[in-house]
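J.: Chains as they are written, first to last, in the numbering used here: chain P, 1 to 217; chain X, 1001 to 1217.
Number of protein chains: 2
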Amino acid sequence: MFSLSEENYLKAIFHLQKHTTEGVSTNALAEELQTKASSVTDMLKKLSDKDLVIYVKYQGVYLSESGRQTALQIVRKHRLWEVFLVEKLNFSWDEVHDVAEELEHIKSDKLISELDKFLDYPQRDPHGDPIPDAEGNFQVSNKTLLSNLKKGETGTLVGVKDTSSKFLKYLDKNNIALGETIKVLDKEEFDGSMQIKVRGERLNVSPLVTVNIYIKP
Amino acid sequence: MFSLSEENYLKAIFHLQKHTTEGVSTNALAEELQTKASSVTDMLKKLSDKDLVIYVKYQGVYLSESGRQTALQIVRKHRLWEVFLVEKLNFSWDEVHDVAEELEHIKSDKLISELDKFLDYPQRDPHGDPIPDAEGNFQVSNKTLLSNLKKGETGTLVGVKDTSSKFLKYLDKNNIALGETIKVLDKEEFDGSMQIKVRGERLNVSPLVTVNIYIKP
DNA sequence: ATATAATTTTAGGCAAAACTAAAAATAATA
DNA sequence: TATTATTTTTAGTTTTGCCTAAAATTATAT
Ligand SMILES: [Mn+2]
Ligand SMILES: [Mn+2]
Ligand SMILES: [Mn+2]
Ligand SMILES: [Mn+2]
C-alpha cells in the first residue's frame, strides 16, 4: 500500500492540521518529522501525485479525503497498540510511543480488527486520546486546557497534550493520572502558574504544565 | 541496529544452513528471498563487511557467531509473534506467517521479553518449531520425517516442514494437527505413499505429504 | 581434456528517501 | 514602497537495495 515514510508524513499532516484551518507548512512538517524542509517538499510532491494531499507550492498542504482516511487508520493502529502495550505488556504510558510508532505500520486488517476485539474495543489510548474505529470515526470530547480553568473550578483530567516521556514522568511523580479530579485552588494571573489539589495533595504547577493537561469540567 | 533487509538475509541463511554443513549458495538465497542472485551477492558483501557472515567468493556463505545470534533473535521474535497471533488473536496456523514476517522486525527488548512472559514462555510455535530464549538457546527434539516410519509404526505429529498455507489447510481438512497420533497402516515401497490412521480415520497420503510431517516415535 | 552448462560476480543503472547549497518566492519591516 | 528576513523550492548528491546484461568462475558431460 503506502511506504513507511508516506504513512509517517500523512499522520504528521493529520496531527498538525488538527488545530488550524490553514494549510500545514513545510517547515512545521520538517520540525515534526525531524527532517529537512527540502525533503518535505520532495515528499509532498509524491503524496500530491497520489492524490493523498492537496498541495500548492508555497501555500502549504492539506489532506485529501483519502489521505485523511489513511491517516486515521494509522492513528487507529498506533493507539490500539499503545493500549495493548499498557494493558497487556506492563508498559507505562511514557514508554509506549516509540514502539507504537513502529507497530502502527504493520499491514494486516485481520491483525488490527482482532487486536481491537482482544482489547475489548477501547475508546481511548493511555494518554486519553480517542481511538478511531475501522471507518475512521471517533469521539470528540469537549475538553479544555487546565490553563483555561479559573480559581475555584474543578475538573477531571482526560488527556495530555504533550506526550513526551519527560512530561509523563513528571505527572507520575506527582500522582497526576488520567481520571484524576483536579481543583484549582489558586491561579497567579501574572504568569498563569497554578496551585491545584490532586488526590488531596496541594501542588504548584508552572504554566507549561497547565497548557499540557486536558480537563473535562 | 540492522536493516529489515539485513535481518531477512541473516534469517534466510540461518534456515538454509540448518540442514547442511556446506556454505549456503547465492542461488538458494535468491530463491528463498525471492530476489536475484546479483542482489544477493551485493548483500553478502555488506554482511561480510559487518562480520555477520563468512563469505568467500564462489564458495557460499556461513553465519558468523554474531550473525547466528542475530538470526536466532529474529527467529525468536517471529515465533513468539506467531504464538500470540494464534493464542490471543484467533489466527489459524496457516495465516500467521506473513504478519509475523513483519512483526519480527520491531525493535524493542522490553516488547519481546514482556510478550514472552504474557504468553507464559511458550517452548514451541504453532508449527511445532522451537522458540529460542533470550540467550539464543532452544530445545532440539529428536524428530523424524513421517516418510521414515515403517509399516506398523506409530508416532506423534510434532511439526511440519512445509509451513505454506496450502499444506497447512490440507492438514486441517484431514483433521491432522499437532500432537495427533499417527499410525502407518501400510506403506507403498514403489513411491513411498502411505495409508495412515489419524483420529481413528484411515487416510491415504502422497509421498510429498510424508516428507513434510515431523514425527516423534 | 574440452566443450558446454550452470552458477556467481561485476558493471552500470534506477528508485526511494534522505542531504547540502543555492535560487526563488513570500512575508516582515523600515 | 523598497529592503531585508524568512520560508520554500530546485538542483545536484548520497545511500540502500534492487535490477539487467555481460563477464568470470565453477561444475558437468561428452
Ligand atoms: Mn511511524
Ligand atoms: Mn497516545
Ligand atoms: Mn521478515
Ligand atoms: Mn512457524
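The beta-carbon is built from N, C-alpha and C at its ideal position, and this holds for glycine as well.
Just so it is clear, the structure is predicted and the values come from calculations on it, not from any experiment.
Is the segment 83–100 of chain P touching the segment 39–54 of chain P in the sense that three or more CB pairs, one from each, lie closer than 8 Å?
T.: The segment 39–54 of chain P vs the segment 83–100 of chain P: no contact.
J.: Taking residue 22 of chain P as the reference, which of P:130, P:37, P:10 and P:59 has the closest Cα?
T.: The residue with the shortest Cα to Cα distance from residue 22 of chain P is P:59.
J.: Using a Cβ cut-off of 7 Å (strictly closer), state whether residue 157 of chain P contacts chain X.
T.: Taking Cβ atoms only, chain X never reaches closer than 7 Å to residue 157 of chain P, which makes this a no.
J.: Hey, would you say the C-beta of residue 101 of chain P is under 6 Å away from at least one heavy atom of ligand 1?
T.: Yes; taking the cut-off as 6 Å, the Cβ of residue 101 of chain P has a heavy atom of ligand 1 nearer than that.
J.: Candidates P:104, P:80, P:114 and P:42: which alpha carbon is nearest residue 1096 of chain X's?
T.: Closest option to residue 1096 of chain X, Cα to Cα, is P:114.
J.: In terms of residues, what are the limits of the beta strand (DSSP E) holding residue 1054 of chain X?
T.: Unbroken beta strand (DSSP E) run through residue 1054 of chain X: 1053–1055.
J.: Among X:1145, X:1038, X:1039 and X:1010, which has the Cα closest to the Cα of residue 1051 of chain X?
T.: Measuring from the Cα of residue 1051 of chain X, the nearest candidate turns out to be X:1010.
J.: What whole-angstrom Cβ distance do residue 107 of chain P and residue 1102 of chain X have, given they're in contact under 8 Å?
T.: That pair is a contact at about 7 Å.
J.: Flag residue 131 of chain P as yes if its beta-carbon sits less than 7 Å from any beta-carbon of chain X, otherwise no.
T.: No, because no Cβ of chain X sits closer than 7 Å to the Cβ of residue 131 of chain P.
J.: Please state the DSSP three-state secondary structure of residue 1069 of chain X.
T.: Residue state, collapsed to three classes: helix.
J.: Can you list, in chain order, the residues of its chain whose CB lies under 6 Å from that of residue 62 of chain P, leaving out five sequence neighbours each side?
T.: 23 and 54.
J.: In three-state DSSP terms, what is residue 178 of chain P?
T.: Reduced to three states, the DSSP call for residue 178 of chain P is coil.
J.: Within 10 angstroms of its Cβ, does residue 175 of chain P collect 16 or more other Cβ (buried), or is it exposed?
T.: Exposed is the call here.
J.: With C-beta atoms as the reference, is residue 147 of chain P less than 7 Å away from residue 83 of chain P?
T.: Contact flag unset, no.
J.: Taking the straight line between their C-alpha atoms, what separation do you get for residue 1162 of chain X and residue 213 of chain P?
T.: So the alpha carbons of these two residues sit roughly 54 Å apart.
J.: Grab me the residues of residue 1033 of chain X's own chain with a C-beta within less than 6 Å of its C-beta, minus the 5 sequence neighbours each way, in chain order.
T.: Excluding positions up to five away in sequence, the list reads 1012.
J.: Check whether the Cβ of residue 1129 of chain X lies closer than 6 Å to any heavy atom of ligand 4, and answer yes or no.
T.: Correct: residue 1129 of chain X has its Cβ closer than 6 Å to ligand 4.
J.: Among P:217, P:75, P:135 and P:208, which residue has its Cα nearest to the Cα of residue 171 of chain P?
T.: Taking only the C-alpha atoms, the option nearest residue 171 of chain P is P:208.
J.: Nearest to residue 187 of chain P by alpha carbon, out of P:133, P:149 and P:157?
T.: For the residues P:133, P:149 and P:157, the minimum Cα distance to residue 187 of chain P belongs to P:149.
J.: Note down, in chain order, each residue of its chain lying with its Cβ closer than 7 Å to the Cβ of residue 129 of chain P, except the 5 sequence neighbours on either side.
T.: Correct list, in chain order: 79 and 159.
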